[in-house]
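Heads up, the thing below is written out as structure tokens.
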Amino acid sequence: MAAFRGNPVAGPGRSPKTQVATKRLVVPFEDNRHLTRLLGGYDSNLTLIEDRLGIEAQAHGNVVTLSGAEEACLLARDVLGELYNRAAAGEMIGPGDIDGLIRHAREASTPGDGQAQIATRKRVVKARTPTQSTYIRALEKTDLVFGIGPAGTGKTYIAVAYAAYCLERGLVERIILSRPAVEAGERLGFLPGDMREKVDPYLRPLYDALYDVLPPEKVERDLESGVIEIAPLAFMRGRTLANAFVILDEAQNTTSMQMKMFLTRLGENSKMVVTGDPSQIDLPNGMKSGLEEAVALLTNVPGIEAVRFTGADVVRRDLVARIVEAYDRQK
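Using our numbering, the letters of the sequence shown map in sequence onto residues 4 to 334.
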């Protein structure tokens, strides 16, 4: 049963933010403690909703009053209701959660519709864009998924989170992380240290995601035991990867031969995710990316799915989205 309700009341005048005919919507909540968590320090979450939807919002006691375009106010009401339910469940609420709900709400009848999530022992990862929801569902039903798109869209983070989910529930026995280590050549022998020390700098984004979704002590223990394995692409040849969740990151920097070799490592009861950004290829001039070729060849093959992210899916921060858009316009 919903913990909130809203009664739209027509209001005169024009919103200074939208400059269109406005509606006034009063949204009461049952528990001030949960509402305080929802609103954030100095009502920062409410301010973010105002900015994103072009409305005005004021909190008084256990009531939030919304003023602006009717559609935007109704959307804000639904977003506030979903956030209130999360606060009541003890979940943390941040700017990314608000952006995610708004993005989903614009494409669904209610904010909760279509928003996929991954529950790990340490945290629940909720999709922040409709494309992220599509990506999570592809991981759930398909054994080989390509995640393609610009930086900041969450394609690698979500893959690692889903790998952790599968490992915790015994769906796989290990996680294998791979990445072209030094551009296309992978000249690992020139780097100091043992194998893990050689590739650590290149796999840091994958490590960061692991530590975010799993307890640090488990990550360290599993790295030591080999349950989480670092497998440089250069040393994958000849292996059969069974009962594993395998992630190849930065796949735009693989050659055609490397990509074919990697994809054919997939063994029984395994899942594989290949992520990359075709706009950031570091291969020598004239050399074709194995990622682009593989997606073109395999997209319509049963059991394989490709999910394409765009600049609209950037969730890192607004500035990153604007950078991606600027580069896209140059093409």
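For each residue, glycine too, the CB sits at the ideal point set by N, CA and C.
To the nearest angstrom, report how far apart residue i and residue j are at their CA atoms.
i       : j       : result
Thr-39  : Thr-25  : 26 Å
Gly-289 : Arg-89  : 51 Å
Gly-57  : Asp-81  : 15 Å
Asp-225 : Ile-161 : 19 Å
Val-230 : Glu-176 : 7 Å
Glu-186 : Met-260 : Model confidence at Glu-186 stands at a pLDDT of 45, short of 50, so the residue's coordinates are unreliable and nothing is read from them.
His-63  : Gly-103 : 26 Å
Ala-167 : Ile-151 : 21 Å
Val-66  : Phe-32  : 6 Å
Cys-169 : Glu-59  : 43 Å
Asn-272 : Ala-299 : 25 Å
Val-216 : Arg-124 : 7 Å
Arg-332 : Ile-139 : 29 Å
Ala-329 : Gln-283 : 15 Å
Pro-98  : Ser-181 : 31 Å
Pro-281 : Ala-164 : 23 Å
In this structure, how does DSSP classify residue i when only helix, strand and coil are distinguished?
i       : result
Ile-326 : helix
Gln-135 : helix
Phe-312 : coil
Arg-126 : coil
Val-175 : coil
Gly-84  : helix
Leu-286 : coil
Ser-273 : coil
Glu-227 : helix
Thr-159 : helix
Gly-97  : coil
Phe-7   : Model confidence at Phe-7 stands at a pLDDT of 47, short of 50, so the residue's coordinates are unreliable and nothing is read from them.
Glu-33  : coil
Glu-59  : strand
Thr-257 : coil
Gly-64  : coil
On the DSSP bridge assignment, give the partners of residue i in chain order.
i       : result
Glu-143 : DSSP, once it has assigned bridges, lists no residue as partnering Glu-143.
Glu-232 : Ile-179
Gly-71  : Lys-26
Thr-278 : Gly-150
Mind reading off the beta-carbon distance from residue i to residue j? Whole number of angstroms is fine, and I expect it under 8 Å.
i       : j       : result
Ile-179 : Leu-266 : Not really, about 14 Å apart at Cβ, beyond 8 Å.
Arg-27  : Ser-70  : 5 Å
Val-310 : Ala-141 : 5 Å
Leu-147 : Leu-269 : 7 Å
Gln-118 : His-107 : 5 Å
Thr-257 : Leu-294 : 6 Å
Validate contact between the segment 131-146 and the segment 156-163 using beta carbons, cut 8 Å, 3 pairs: yes
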